[in-house]
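Colleague: In this text, residue positions in the sequence shown follow this note's numbering: the first is -15, and each later residue adds one. Note that the Cβ used here is the ideal one computed from N, Cα and C, for glycine as well. All values reported here derive from a predicted model rather than from experimental measurement.
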Amino acid sequence: MVLAYTFASNSSRHMVDIYGRKTTPKVGRFFRFRYQCGKEIMTEHTVLLVDDDETLLELLTGHLQSAGYLALTARNGAEGLGLVAEKQPSLVVLDVMMPGMDGWTVCKRIREESSVPIIMLTAKGEEVDKLRGFHLGVDDYVTKPFSFAEIVARIGAVLARAAHSIPTDLIVSAGNLLIDLSERQVMLDGEKVDLTPTEYRLLEILARFVNKTVPTEKLLQEVWGSEYTGETDHVKQYVWSLRKKLETDPGAPTHILTERGFGYRLE
């Protein structure tokens, strides 16, 4: 039984089996694992990979398929934006450094139209990249070089956060801020506020404990998972991102307050 996946790009299409042999593809732009018996693995999640490195796209696609995902690829920002609009993927993995339209521009354009989760691929140690991305609504980062197991795990974690919802009709009101947990909607002064999945999940946890201080480590555990233990900068950056969207003056917040050395509180 030979397991194979298809690879498609603007310039070429081929099928590659697990031994690296190229054969004629049976599907178009989607990547799917197929068995010789004709069966294919199905998944509810489609991941869009946007990177100009075709080898990386091919290898990462194989790992995603083995984890049960469908994958789309784009080799430049313009093609990636087109696929976001056309295919509405479950998640986008976006490289920062690309010729022409870079990852930051693509991310900003996506955020103008969609709240799809975005994971950025960035150079190791570029802290400024992370800060910039948090302000643009990026959900997570993977630094190069990375292991494929790591990025697949992070994709799963971000998708889990995006899919999570609380089965309740609870509506939390904090002054001019209203959070409908059953509908997953946030309103400020009667206007809908667009949040990324990670921003919403963080606000959701704070809303569940409204008027109570939630420890930073608990927020890390609930929103990002145990593998992020100790990475308190994640919480700090996303709290700042929320404040920019929800506070009149993010530097003097009235809704999301800091309890120094302990955590954050929604009032």
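#1: What residue ranges within the stretch 44 to 100 form continuous beta strand (DSSP E) runs of no fewer than 3 residues, ordered along the chain?
#2: Hey, how far is the Cα of D79 from the Cα of T242?
#3: Only counting runs of 4 or more residues, tell me where the alpha helix (DSSP H) segments fall wholly within the stretch 163 to 228, in order along the chain.
#4: How is L41 classed by DSSP in three states: helix, strand or coil?
#5: Given a threshold of 16 other Cβ atoms within 10 Å of its Cβ, counted over all protein chains shown, does P199 qualify as buried or as exposed?
#6: Does the beta-carbon of P73, which I'm using as the reference point, lie nearer than 7 Å to any heavy atom of the ligand ATP?
#7: In terms of residues, what are the limits of the alpha helix (DSSP H) holding L143?
#8: Report, in whole angstroms, the separation of the C-beta atoms of W208 and A141, which I expect to be a contact under 8 Å.
#9: If you follow the beta strand (DSSP E) that D124 is in, where does it begin and where does it stop?
#10: Can you list, in chain order, the residues of its chain whose CB lies under 7 Å from that of T89, leaving out five sequence neighbours each side?
#11: Just the C-alpha distance for P234 and E42, rounded to the nearest angstrom, thanks.
#12: Quick one: what's got a C-beta closer than 7 Å to A172's C-beta in the same chain, skipping five residues either side?
#13: Do T197 and F246 have their C-beta atoms within less than 8 Å of each other?
#14: Look at L179 and I163 and say whether their C-beta atoms are less than 8 Å apart.
#15: Contact check, D124 vs M82 under 8 Å by CB: the rounded distance?
#16: Grouping DSSP H, G and I as helix and E and B as strand, with all else coil, what is G159?
#17: From L203 to V219, what does the alpha carbon distance come to, in whole angstroms?
#18: Between which two residues does the beta strand (DSSP E) holding R244 run?
#19: Where do the ends of the beta strand (DSSP E) carrying T30 lie?
#20: Check whether the Cβ atoms of T45 and P73 lie closer than 8 Å to each other.
#21: Relative to the C-alpha of L120, which candidate in H239, R244 and Y222 has its C-alpha closest?
Modeller: Here's the rundown:
#1: 54 to 58 and 75 to 79
#2: In the sequence shown, counting from the first residue as 1, residue 79 sits at position 95. In the sequence shown, counting from the first residue as 1, residue 242 sits at position 258. Going from the Cα of D79 to the Cα of T242 covers about 33 Å.
#3: 181 to 192 and 200 to 203
#4: As a first step, residue 41 is located in the sequence shown; it is residue number 57 there, counting from the start. Helix, per DSSP.
#5: Position 215 of the sequence shown, counting from 1, holds the residue named residue 199. Answer is exposed; the Cβ neighbour count stays below 16.
#6: The ligand ATP is not part of the structure shown, which contains no ligands of any sort.
#7: As a first step, residue 143 must be located in the sequence shown, where it is residue number 159. Element bounds for L143: F132 to A147.
#8: For the purposes of this step, residue 208 is taken as residue 224 along the sequence shown, with counting starting at 1. For the purposes of this step, residue 141 is taken as residue 157 along the sequence shown, with counting starting at 1. Confirmed, Cβ separation roughly 7 Å.
#9: Sequence index remark: in the sequence shown, residue 124 carries index 140 (1-based). Unbroken beta strand (DSSP E) run through D124: D124 to K128.
#10: Within the sequence shown, numbered from 1, the residue matching residue 89 stands at position 105. The residues are G61.
#11: Position 250 of the sequence shown, counted from the first residue, corresponds to residue 234. Position 58 of the sequence shown, counted from the first residue, corresponds to residue 42. C-alpha separation (whole angstroms): 42 Å.
#12: Counting from one through the sequence shown, the residue named residue 172 turns up at place 188. One detail in the question is off: residue 172 reads as Leu in this sequence, not Ala. Here the set comprises N160, L161 and L230.
#13: As a working mapping, residue 197 is identified with position 213 in the sequence shown. As a working mapping, residue 246 is identified with position 262 in the sequence shown. Yes, these two residues count as a Cβ contact at 8 Å.
#14: Here residue 179 refers to the residue found at position 195 of the sequence shown. Here residue 163 refers to the residue found at position 179 of the sequence shown. Contact: no.
#15: Locating residue 124 in the sequence shown gives position 140, counting from the first residue. Locating residue 82 in the sequence shown gives position 98, counting from the first residue. About 19 Å separates the two Cβ atoms, so there is no contact after all.
#16: On the sequence shown, residue 159 is found 175 positions in, with the first residue counted as 1. It is coil, neither helix nor strand.
#17: For this step, residue 203 is matched to residue 219 along the sequence shown. For this step, residue 219 is matched to residue 235 along the sequence shown. Rounded to whole angstroms, L203 to V219 spans 7 Å at the Cα level.
#18: Counting from 1 along the sequence shown, the entry for residue 244 is found at position 260. Element bounds for R244: n/a, residue is neither H nor E.
#19: As a first step, residue 30 is located in the sequence shown; it is residue number 46 there, counting from the start. Start and end: T30 to V34.
#20: Within the sequence shown, residue 45 is the residue found at index 61, counting from 1. Within the sequence shown, residue 73 is the residue found at index 89, counting from 1. Against a cut-off of 8 Å, the Cβ pair of P73 and T45 comes out as no contact.
#21: Looking up residue 120 in the sequence shown gives position 136. Comparing Cα-Cα distances from L120 to each of H239, R244 and Y222, the minimum goes to Y222.
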